[in-house]
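A.B. asks:
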Amino acid sequence: MCEDGMREWRIFVRMEKKTVERYIEAQRLLEKDGKVLVALSGGADSVALLLMLQELGYACEAAHCNFRLRGAESDRDEEFVRRLCRECEVPLHVTCFNTQEYASSHRLSIEMAARELRYTWFEQVRKEIGAQAVAVAHHVDDSIETFLLNMLRGTGINGLRGIRPRNGYVVRPLLCLDRADIVCYLKRKGQSYVTDSTNLQDEYMRNKIRLRLLPLMEEINPSARRCLLGTAARLDEAAAIYNVCIEEAKRRVCDGEGIRIDALFDEVSPQTVLFETLHPLGFNKAQVDDIFRACTGQPGRMFEAGDWCVVKDRDRLLVQKKEGANASHPPRLKWTEYPYDASFVIPRDTYRACFDTDKLRGGFSLRLWRPGDVFVPFGMKGKKKISDYLTDRKYSLFRKRCQWVLCCGGDIIWLVGERTDNRFKVDGQTRRVTVIEWIKE
């Protein structure tokens, strides 16, 4: 290469590195004295990311996933990455996944399964080596593709922001470059890379956007990419305002138990507030629409998504983790018997129940209440359904589910922690008293 050509090569390489360096500083993605874990597939983008970060003075380690999806090509990529890291003297972490099996057992697409597997493992390695961040090689074109992909699938304003420069510990230092910049950088350095053959096929939706839709859009408008980026940038600013307003609305409508329906309907767009409250828990748009319609219906309807459930109560949408909604551990009870005379003081708190011992005939059993259960509340003469008693107490559906009853023979003698049955009370004929105490853990 002639002297002028060499000078031009160095200028271009420095420009690309400088662009990335400024972007990292502007977005506060990395600190110079911290270690960085680089997600290294072996493709052009990740290879350029590793080399640039090294040249900028960052202490890098690399992580490579073999998803075992492309046979010999997957093994070729792994071998290339190993060789590159040896040449660059970069510590390398490698893992293999049975992606097909994971996708099948978790009912995920191959694409989503691979995403879950790699990001979970990246975070595990990041913690093990004490890295400040996981750097991934998304660039401008990826952001445009994501914008269009989300638009075609259907999304809210947050889905139209493009790819974010930071998501927790995951950072994207190359979002200031496009694919052409990256390829030119590697070409000028004489650096090889591998190509994933599936990226050249249009069977996946993202590839169809890259290979067919974007070229068609550029035929219609040569500035299509720039226009899409500008739109995403403006939506990003609008989304920042939107998210502040949503968080304020959540504070107005949510309390310790769930979502207050009257407060929800006071909002300018109650359905939007409901979606933004429940969607992070795993509820999709169709489920949220059903829940919204249930707000004006009868209590009792339940909706489930992932680890969460929502129940329509009288004036609230109760929101609780399934393990909390479905699990109720039996209370630990302690029996003590006393002679009854004028000196005996009957306990009045709800954690101790006092009975005439001679009225307790038959074995004891402890269970959750059932529909149709009745008892005679202390101080009353007639029977009352436990469901009606709990409703009168204005207990939520989740709270009702956790109500235990103590039975003697075939009768309920105590709604544990609530009220005893009047038929087993201490009276003037009582000679012995049994006190049953709920031992709180």
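In the numbering used here, the protein residues as written are 54 to 494.
Just so you know, even glycine gets a beta-carbon here, dropped at the ideal spot from N, CA and C.
1. Please state the DSSP three-state secondary structure of A184.
2. According to DSSP, what are the bridge partners of N220?
3. If L228 sits next to I216, beta carbons under 8 Å apart, how far is it from one beta carbon to the other, in whole angstroms?
4. If we require 3 or more residues per run, which beta strand (DSSP E) segments fall completely within the segment 309-357?
5. Return the CA-CA distance between G212 and V427, expressed in angstroms with no decimal places.
6. Just to confirm the assignment: which complete beta strand (DSSP E) runs, minimum length 3, are found wholly within the segment 80-111?
7. Applying the criterion that 16 or more other CB atoms from any shown protein chain within 10 Å of the CB defines a buried residue, is D57 buried or exposed?
8. Please determine, among F175, K493, A186, the residue with the shortest C-alpha to C-alpha distance to T148.
9. Express the C-alpha separation of R420 and R401 in angstroms, rounding to a whole number.
10. Determine the burial state of E61: buried for a count of at least 16 other Cβ atoms within 10 Å of its Cβ, exposed for fewer.
11. Short of 6 Å in beta carbon distance, which residues of its chain neighbour A156, apart from the five on each side in sequence? Order them along the chain.
12. DSSP on A125, reduced to helix/strand/coil?
13. Three or more C-beta pairs under 8 Å: does that hold for the segment 386-399 against the segment 428-445?
14. In angstroms with no decimal places, state the Cα-to-Cα distance between M433 and E357.
15. When DSSP builds the beta bridges, which residues end up paired with T148?
16. Tell me whether A190 sits in a helix, a strand or coil according to DSSP, three-state version.
17. Using three-state DSSP, classify T473 as helix, strand or coil.
18. Can you tell me where the beta strand (DSSP E) with I439 in it begins and where it stops?
19. Grouping DSSP H, G and I as helix and E and B as strand, with all else coil, what is P268?
20. Between which two residues does the alpha helix (DSSP H) harbouring C298 extend?
21. Mapping DSSP to helix, strand and coil, what is E490?
C.D. replies: Reading off the structure:
1. Against the sequence shown, residue 184 aligns to sequence position 131. Note: A184 maps to coil in three-state DSSP.
2. Residue mapping note: residue 220 aligns to position 167 of the sequence shown, counting from 1. DSSP lists V223 as partners of N220.
3. Residue mapping note: residue 228 aligns to position 175 of the sequence shown, counting from 1. Residue mapping note: residue 216 aligns to position 163 of the sequence shown, counting from 1. 6 Å between Cβ atoms; contact.
4. As far as the segment 309-357 is concerned, its whole beta strand (DSSP E) runs of at least 3 residues are 311-313.
5. The residue labelled residue 212 in the question sits at position 159 within the sequence shown. The residue labelled residue 427 in the question sits at position 374 within the sequence shown. Taking the straight line from one Cα to the other gives about 52 Å.
6. 88-92
7. As a working mapping, residue 57 is identified with position 4 in the sequence shown. Reliability fails at D57, whose pLDDT of 44 lies under 50, so the model's placement of it is uncertain and the value that follows must be treated cautiously. Label assigned to D57: exposed.
8. Start at 1 with the first residue of the sequence shown, and residue 148 comes out as number 95. Answer by Cα proximity: F175.
9. Position 348 of the sequence shown, counting from 1, holds the residue named residue 401. Position 367 of the sequence shown, counting from 1, holds the residue named residue 420. For R401 and R420, the distance between alpha carbons rounds to 23 Å.
10. If you number the sequence shown from 1, residue 61 lands on position 8. Its pLDDT being 44, under 50, E61 is placed unreliably in this model, and the value from its coordinates should be taken loosely. Flag for E61 reads exposed.
11. Stepping through the sequence shown from its first residue, residue 156 is reached at position 103. Once the five neighbours on either side are set aside, the close Cβ partners of A156 are I163, A166.
12. Taking the first residue of the sequence shown as 1, we reach residue 125 at position 72. Residue state, collapsed to three classes: helix.
13. The answer is no - the segment 428-445 does not touch the segment 386-399, with fewer than three Cβ pairs under 8 Å.
14. In the sequence shown, residue 433 corresponds to position 380, counting from 1. In the sequence shown, residue 357 corresponds to position 304, counting from 1. Rounded to the nearest whole angstrom, the CA to CA distance from M433 to E357 is 40 Å.
15. Stepping through the sequence shown from its first residue, residue 148 is reached at position 95. DSSP output for T148 lists C118 as bridge partner(s).
16. One-based indexing of the sequence shown puts residue 190 at position 137. DSSP places A190 in coil when its eight states are reduced to three.
17. For the purposes of this step, residue 473 is taken as residue 420 along the sequence shown, with counting starting at 1. Strand.
18. Sequence index remark: in the sequence shown, residue 439 carries index 386 (1-based). Element bounds for I439: not the beta strand (DSSP E) but the alpha helix (DSSP H), 439-445.
19. Working through the sequence shown from its first residue, we reach residue 268 at position 215. P268: helix per DSSP, three-state reduction.
20. Locating residue 298 in the sequence shown gives position 245, where the first residue counts as 1. Start and end: 277-306.
21. The residue given as residue 490 occupies position 437 in the sequence shown. E490 falls in the strand class under three-state DSSP.
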